[in-house]
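First residue of the sequence shown: 1, per UniProt numbering; consecutive thereafter.
Yeah, the Cβ is synthetic: ideal placement off N, Cα and C, and Gly gets one too.
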Amino acid sequence: MNKNRRAERTAHKCYPTKSQPPASHPPQLPPQPVQQKLTAQAPSTTTAPAPYRTDYELSGSYVSLECPSPPGPPACGPEGRRGDPQARLANYLRTLYNELALKEPVLPSWVHPVAPGVLCPARLEPELRLHIHSHGLNEAIAVDQILTPVQTKDGPFLEAPRRVLIECPPWVTRGALALRILHGWSREPPWPPRGQPVALALFLPLAELRGTIANYIGKELLPRGPPNPFASGFGGFSAAWNSLEALKGKLLIVLDGYDVQCKTRKSKTMPKDVIDLLEGRLFPEARVILISVTASCTELLPLMQRHITFEGLVWGRSVSLLGGGQWGAPTRLIDTVQSCRHLRNIARTTLGCLAIAAIYESSGGELPTDELDVIASVFNCVAANSSHTQVTELGRLALFCLKTKRSTVTSAELKMYCSSPETNIAGCLDRAQLFGRTSKRKSEYYYTIICPGLAEFLAANYIVSLANRPGLLAAEIAGLAVGDEVEPEILKVLNFSMALLGARAHLLLSKLTPLWLSPQTIFSLALAGGETEANLTALCEMLGISKSPPVPPLEAKPIWVSIKSTLSELQGWGLAFKSPTCTLKNLELVYQMEKNLLLESRNVMDIFLDALSKNESVTTLRITSLIENEVRDSDINYLASCISKALLKPRLESFELILTLLEEDPPILKLQSVVTALCRTIPRQPKLSNLSLDLGLCTSQLVQICATLEKCPHVTRLSLPHLRCERGAVGALAALLTVRPLSYLGLPSSWGARDDPPSSSGVSMGSGSGSSSGNSGLIKQSSLTGAPSPRSYPAGIFSSLPRGVLSSTANMGRSATLPRQPMEGPPDKRSTDSVISRTWYPTPACDGGPHNSGTLHELLLAARETFSRLHGLDLSKAQLSLEDSMCLGETVRVSTTLHSIKLEGASRLSEILPTVLGASESPSLQMMSLGSPRIALEDAAVGMSARALGSCITLRLLSLDGWSFRIENVGTLASVRGFLSLTSVRELGLNNCRMNMSMFKSDVPVQSGAYECRSVVNLKLAGAQIIFADHLSMKGPHMLPYLVGFVNLRELDLSAPSRTGFGSTSTTPLILSDKDIVGFFNTLNNHFSHLNTLKMCNWIIHLDEAARTLKSVAKLLKSSPLSHIKLDSVVVMDRPKKQRIEPQFLHAFLANLPLLRWLGITLHGLNEDQITTLGNYCGDMRGMEIDVRLSDSTIENARLMTSSLGMDGKFDIRVSTFGTSNSILIHIEKTSTKSLSRK
């Protein structure tokens, strides 16, 4: 019965917080062995211990102490001493522990006299706390509560444990803590005062353990001769040892030095006895206290039931030691130490308190408060008059211990590293006591650092000593990084090193690499080094902005650096902007509006803006902020002042402001202070030419800004996204175009006025998509392809989306924002009854008066006047009524200055068709971007659009991304063929287009000379497809045979749709085979002799004969004219081996293209071997430049890739993180060459 009850009580969870009935406990799992250091080692001893009881094995789960009482404590009298070996052992150990705990340590010479006995381990008052992650609370406990049940203040009850782990920082002497625990047992029984008392306590310093536990206790810990308790012959140590298992829970074993590897052991493993003890096979019911450092706790936690942290001395004990062991320390000293965090950390050790007291007395009552000054003053106190060589030698040893996470050093290691270990430099170390006879005889002492921070200070001095030896410094720095980020101790070493170097900190900063340092870490190091010109230059090189960032030739978007308004980023980037070598052009400041904005944050922001105002490289600035509800007016006013300061920076050419209010119905003048600041500052910035304001401007605010811009001739480009186009606002813009001609005006995602009536057709209201009422144009809504049925909407309801109008669900019907898809209609449906099916088409025209629906007439009228200088107009995703569309079409038709028009994101053909028709007569239009995934054209619309676009002789760039074409008539093909032969378009964008060719089947070969287009040199077909009558589609490389008519093609984009991220597709991906790849490059060589740029991103290639196929591709590439290749997110698989072979595929391009000048690739998901192979292949490139972007990869992989390239000096490698670590750009360029552009 008792045995079953004990079995139930052993099934508690690890780290229990509440006592539960035994019946509710889950079944106990078998024990888990220690996996790293606990490798069994056979014992070598003649003493045979009692057989182990496997039914009492521990596995880390809680084992209750409520069990039948074992034999009572051994007798202590003389008769018991002669008759009971166990009692004699206990009596001797009590005497020994008491003697060791009361022994005064040898004080160094710098210590001032202290009261007798205050420094012995028995007087130690440790601050012990329950580990927050293990127990969920961080409550302090006393030494006497280590083994007892604990009732916490918050309520949970912790039962008494059998296995306790005490986690210590590396700067404490753990032997003193062990003696303090043992002194509590030896002082007076019973101990602990609550719960089951300990009858016998064994202390095992594992650093001195060379054989079995029994061998160490009997031959090392017990003395020889008469002092030995077993010298009388009445029962020997073996009898006492064999009787220990009967003590069960009354046996306590304290272990120290688990992390210390004894040099006398041949293997770096623990003896088998120690493994059995920790895993519960030896003395399964005994209680164990293991004292170890943090680095060794992970593998020990599964074996423990209570996790305690030792945080140094309690504050009361520190106060006593500051006064020389008595309560007589000066109040000023105590207040200074308590108020300074760095001094408080030093006072957590005994010698640290004595050092602070000595510094206070020698400096006349003054103490430093800066961390580095505090550590330096402690060092000067404990190791006065130490030579530079001695400091460097000990610093090298300290750096070795920090890198290997060791907390102690041996006497032999000290002698090996230090030429004079017995000099004053030894004052930095605290020597631990020895307990075994052999260790005492050989003087095998162990040393720890005397206080926190001193080891890092010594290591920093060693790093500083290598500043003039770049080779050794680079080798030491390379060995500091173990993983993706440096450890906190190593980071402190680098910070101390930078501060000690001061003006020479650039020597260290230049040796660091952004591959394992985050921008925040770099900023902290730069702040520690100071603001000298050389240091700032090194900082810019670390951030990748000292030279012009390597912009890939095929990248359309410029590189931006985004800065959040946190303290570290503002301080760090503020330093970088002060450097004259900073070449950053585009900057985005994400201003985080905080309700409780601290004064320190505002001061740092002011310092950052001051640094930005002195910077001359940043020419484009964007400020964004998300303003929460109930924000104070004072915060908005401060934001307005920050915007004013930023606007006044020198050489600022482009400024963009995006402020978003989260309130559903914010006050109209909520951001009036910002508008006022803009109006006051813009005239004072003469370099500003491009202005973009997205902050929900009302009509009065827009009128105020336009009045200001009338006085600013330098502002020529204006963008107002999400503008509510009320008639007053449009009138202000029209007046601005009249008084101060702009070259560019953008109104993307603009919407109609609040009080505009709905249109007569009911399709839209305000400036939304709708039709006209009356005779304002020749094209009626009913005559346009894809026009929805008329219906009306209630006035005053507007959608928060860029387009579309809210409607009640009762009368919603078909969505107003989605066009009717002609391809979904009956197969016999045609648009022959439409006006656009005729051979002629109407000319878009405007009545010349205010529109009944829409408000843009006055603005468009000013744009087509003869005095207008408007070259570009952007109305993407804007809500346009049919009258507005017709008015825009006339503007495009008659304007002599309009060069570019953007109408991206349209939902109906009626919104863009007038613009297409007007382009046929335009005398100046050069660029037209009409991309939208909602536009679908049938034969009539295709023919009309082809004839109109072919008639525009000035058009050079045309983008129809996302359009769907359905061609079922031979005449339509003739119109398309005529457009291709007559057009002057140089760049044609058909990305993600669908061309439904139901007249042909996929097996019909393309006839040579079917069409010819000589003007197009840049064709973009990313994600496009051709669908034939047999429902087969041609995508990517399969489309190449149908493109042979583009005889002068120089740039081709056949990328597949992205599979991840924004804009990704869910369609079935196209998987290319060996035949597809070989045929693709064969067609390129035979028909595209002028092609020099190829984009083939997101391809998925599965090869059955990888080696043969890659060999054939390499042979074809040797005669290819390609010079620029982009291979982002390409996946190449060796199907039989089921291995990814992107490096081998890339090597075919690098090693065989004779004219290769630039190659770009984005990789993710590769293992370390593949990354290393790719780096080796990059060394074989015949081209000049390669850009590799590693996305979602570890920084260690980036270092592996560049390790083999930087050895021979043939390549210039620049790594740019630009403030982020999830996408790293590695630019590899052959030395002695400049960045090359395309032919």
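Along the stretch 424-493, the beta strand (DSSP E) occurs as fully enclosed runs of 3 or more residues at 429-431 and 446-449, listed in sequence order. Looking at E533, A474, S497 and A499, the one whose alpha-carbon comes closest to that of L512 is A474.
Going by C-alpha positions, R717 is about 16 Å away from C679. Annotation: the continuous beta strand (DSSP E) that includes H307 extends over R306 to L313.
By alpha-carbon distance to L898, the top candidate from L543, S998 and S924 is S924. Per DSSP, Y744 is one residue of the beta strand (DSSP E) stretching across Y744 to G746. When the five nearest sequence neighbours on each side are left out, the beta carbons in the same chain lying within less than 8 Å of the beta carbon of Q926 are those of H899, S900, T954, L955, R956 and L957, in order along the chain. Cα atoms of I643 and S625: separation of roughly 11 Å, rounded to the nearest angstrom. Secondary-structure assignment with DSSP links M927 through a beta bridge to S900 and L957.
Listed as beta-bridge partners of G117 by DSSP are no residues whatsoever. For A640, the CB contacts under 6 Å within the same chain, skipping 5 residues up- and downstream, are S673, V674 and A677 in chain order. Assigned with DSSP and collapsed to three states, S238 falls in helix.
DSSP places A201 inside the beta strand (DSSP E), whose first and last residues are L200 to P205.
When beta bridges are read from the DSSP output, F157 appears opposite Q151. For Q685, the CB contacts under 7 Å within the same chain, skipping 5 residues up- and downstream, are L647, L648 and L652 in chain order.
Ranked by how close their Cα comes to the Cα of V703, the residues A412, D1076 and L737 have L737 in first place.
Looking at K403, L209, D939 and W560, the one whose alpha-carbon comes closest to that of T583 is W560.
Checking the DSSP bridge columns, you'll see S692 partnered with E656 and S719. Three or more Cβ pairs closer than 8 Å define a contact, and the stretch 451-461 meets that threshold against the stretch 493-509.
Here A611 is near G574, since their CB atoms are less than 8 Å apart. Between I1186 and I1228, the gap from beta carbon to beta carbon is short of 8 Å. The C-beta separation of L621 from L587 comes to about 5 Å, placing the pair in contact by the 8 Å criterion. Check the Cα spacing between V618 and each of L394, D635 and K687: the tightest is with K687.
8 Å or more divides the Cβ of L1200 from the Cβ of L1153. Annotated as distal: T392 and H131, with beta-carbon spacing of 8 Å or more. If you draw a straight line from the Cα of A178 to the Cα of P169, it is about 15 Å long. One Cα belongs to V493, the other to E188, and the distance between them is close to 46 Å. Taking 8 Å as the cut-off, the beta carbon of I1100 is found no closer than this to the beta carbon of L1146. Taking the Cα of L960 as reference, the smallest distance to any Cα among G365, A906, S743 and E413 is reached at A906. Inter-residue distance for S1204 and L1190 is about 17 Å (C-alpha atoms, whole angstroms).
With respect to A358, W171 sits apart: the two C-beta atoms are not nearer than 8 Å. In this chain, the alpha helix (DSSP H) harbouring Y92 covers P85 to A101.
H1031 sits in coil when the DSSP states are folded into three classes, being neither helix nor strand. It is roughly 18 Å from the alpha-carbon of N468 to the alpha-carbon of T537.
Per DSSP, N586 lies in no alpha helix (DSSP H) segment; the continuous beta strand (DSSP E) that holds it begins and ends at N586 to Y591. Inclusion of F979 and P1037 in the CB contact set at 8 Å is not warranted, their separation being larger than that value.
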